[in-house]
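Read through the structure below, which is laid out as structure tokens, and then see the notes.
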Amino acid sequence: MTRSLPLLARIGGLVAAFGLLAGCVSGENADGSVDAQAPAGVQVRLDYAYYNPESLVIKEQGWLEQELGPGSVEWVLSQGSNKANENLRANAIDIGSTAGTPALLARANGSPIRSIDVYSRPEWSAIVVPRDSTITDPAQLRGQKIAATQGTDPYFFLLQTLAQAGLSASDVEIVNLQHSDGKIALERGDVAAWAGLDPFMAQTELEVGSRLIYRNLDFNSYGLLNADEEFLVQKPDVAQTVVRAYERARAWIQENPDAAVQTLATAASIKPEIARQQLLTRTQLDIDPVPGEPQRAVLSRLLPLLVSDGLVRSEQEARTALDTLFEPRFAEAARGATSAGS
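As structure tokens, then:
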């Protein structure tokens, strides 16, 4: 018995040591402090999109996970503004990226979102026809089938283009297809035109010679980052961290254009020259990230069109939505941030 005591003591010491190691693995140090890199659980559900280059950079670089902890971000792909709005409305994500017009439309129709950041001013939409099409002007679209994704900027680009040409949606046949499917329909000849979205628009332009017959930067609304209102109340610090990461990504893309092109090309499975066309030719990132008057001016022009097309119940409801859409404080606090700690 007397000889077994040292052995029992040694066994007890090993058990205690293993218990200490187990505690450290779960995130607690020997002194009781919590390891900053320990899994913290999902803090934010965030979308990424091929039309939103900053989201791709943030996701690839892992900046949010570095700040919030491993496993803290749940990334969800948005195939278009309509899908981002659907996910926000279904509470599948906390923050999603859309064009300005779909954000306004969503809030006007009861979605509790606020725009907290302007991530780009893109020329991401135009009217596209096949290479051998005889159509050279929007006025020639009367009676034609046109592919567009309802609830997205290209759709509203199309409505504005038709109105400027003296036409309405009833003068054409709008075929509701998701952006990538619209590109395929155009190339197959199933539609006469397509209200395109980059990078798919740049892809068909450079690879098969499709032509952009009408471009208008003013018909493209800004890229907005939108958050669920309840999320902003419950987790304002996390929202601030996300917006700060967006500022960091905007600066990083401008400082590392070739690397950013490769990030987009890899994420979207497109050729680098297509990514370059979208990112460096048709996307303006040197902008004020604070949502405000420039975005309000663009969206104000669209209010009568939204009413006449039956997309909102009244112009007054749409104006109320516009008056309450922007929440600038996060972008104001993050303006100019270029590092995770700034």
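With mature numbering (1 follows the signal peptide of the UniProt record, and there is no 0) as the guide, the letters of the sequence shown map in order to residues -22 to -1, 1 to 320.
Each residue gets a CB set at the ideal place from its N, CA and C atoms; glycine is no exception.
Secondary structure at residue i, three-state DSSP: helix, strand or coil?
i: T298; result: helix
i: S103; result: strand
i: L195; result: helix
i: F308; result: helix
i: residue 325; result: Look at the range of the chain in this structure, -22 to 320, and you will see that residue 325 is not part of it.
i: K61; result: helix
i: V186; result: helix
i: K123; result: strand
i: I265; result: coil
i: D95; result: strand
i: A318; result: The pLDDT assigned to A318 is 42, lower than 50, so where the model puts this residue is not dependable, and the model offers no usable value.
i: S50; result: coil
i: L202; result: strand
i: S146; result: coil
i: T76; result: strand
i: V22; result: strand
i: A173; result: strand
i: L155; result: coil
Between residue i and chain B, is there a C-beta pair that is closer than 8 Å?
i: E185; result: The structure shown contains no chain B, having only a single protein chain.
Nearest to residue i by CA position, among the options, is which residue?
i: G74; options: I124, N87, L155 and D95; result: D95
i: L46; options: N60, V20, Q57 and N69; result: V20
i: R109; options: E185, T241 and A227; result: E185
i: A246; options: R23, D25, P31 and L24; result: P31
i: Q255; options: A84, P235 and I265; result: P235
i: residue 341; options: K161, P80, A68 and P48; result: Outside the shown range of the chain, which is -22 to 320, sits residue 341, and nothing can be said about it.
i: G174; options: G167, R166 and K161; result: K161
i: V285; options: E165, A68 and L83; result: L83
i: A227; options: R23, L242 and D215; result: L242
i: residue 342; options: L155, L66, R23 and A27; result: The structure shown has nothing for residue 342, since the chain only spans -22 to 320.
i: D149; options: G121, K249, L164 and G167; result: G121
i: L190; options: G78, V107 and L280; result: V107
Residues in the same chain with beta-carbon distance under 6 Å from residue i, minus the five sequence neighbours each way, listed in chain order, please.
i: S158; result: F178
i: L210; result: A217
i: D266; result: none
i: E310; result: V268
To which residues of the same chain is residue i closer than 7 Å at the C-beta, ignoring the five residues directly before and after it?
i: Y192; result: A104, I105, P116 and T139
i: K123; result: E151, V153, V169 and A170
i: T76; result: S59, A62, N63, L202 and N204
i: L164; result: V106, P108, A125, W172, T182 and S188
i: E271; result: none
Since residue i and residue j are thought to touch, with beta carbons under 8 Å apart, how far apart are those beta carbons, to the nearest angstrom?
i: P86; j: A296; result: For the sequence presented, residue 86 should be read as Ala rather than Pro. Right, the Cβ-Cβ distance comes to about 5 Å (below 8 Å), so this counts as a contact.
i: L137; j: L283; result: 6 Å
i: Q262; j: S98; result: 7 Å
i: V72; j: D206; result: Before going further, note that residue 72 is Asp rather than Val in the sequence given. The pair is a contact, with the Cβ atoms about 5 Å apart (cut-off 8 Å).
i: D215; j: Y29; result: Not really, about 28 Å apart at Cβ, beyond 8 Å.
By Cβ distance, which residues of its chain are closer than 8 Å to residue i, with the 5 residues on each side in sequence left out?
i: L257; result: P31, I231, P235, A238, V239 and L242
i: residue 337; result: Because the chain is modelled from -22 through 320, residue 337 falls outside the range shown and cannot be assessed.
TODO: Taking 8 Å as the threshold, find out whether the region 32 to 47 comes into contact with the region 169 to 187 through three or more Cβ pairs.
DONE: no
Task: Stretch-stretch touch, CB-based, cutoff 8 Å, three pairs: the region 298 to 307 with the region 74 to 93 - done: yes
TODO: Inspect the CB distances between the region 134 to 144 and the region 102 to 118 and report whether three or more fall short of 8 Å.
DONE: yes
Open item on the list: Check whether the region 101 to 108 and the region 51 to 64 are in contact - that is, three or more C-beta pairs closer than 8 Å.
Closed with: Not touching, per the Cβ criterion.
- [ ] Answer yes if the region 275 to 282 comes into contact with the region 194 to 201, meaning at least three C-beta pairs across the two stretches below 8 Å, and no otherwise.
- [x] Contact between the region 194 to 201 and the region 275 to 282 is present: 3 or more CB-CB pairs across the two stretches fall below 8 Å.
Open item on the list: For the pair the region 120 to 135 and the region 60 to 76, tell me if three or more CB-CB distances fall below 8 Å.
Closed with: Counting Cβ pairs under 8 Å, three or more are found: they touch.
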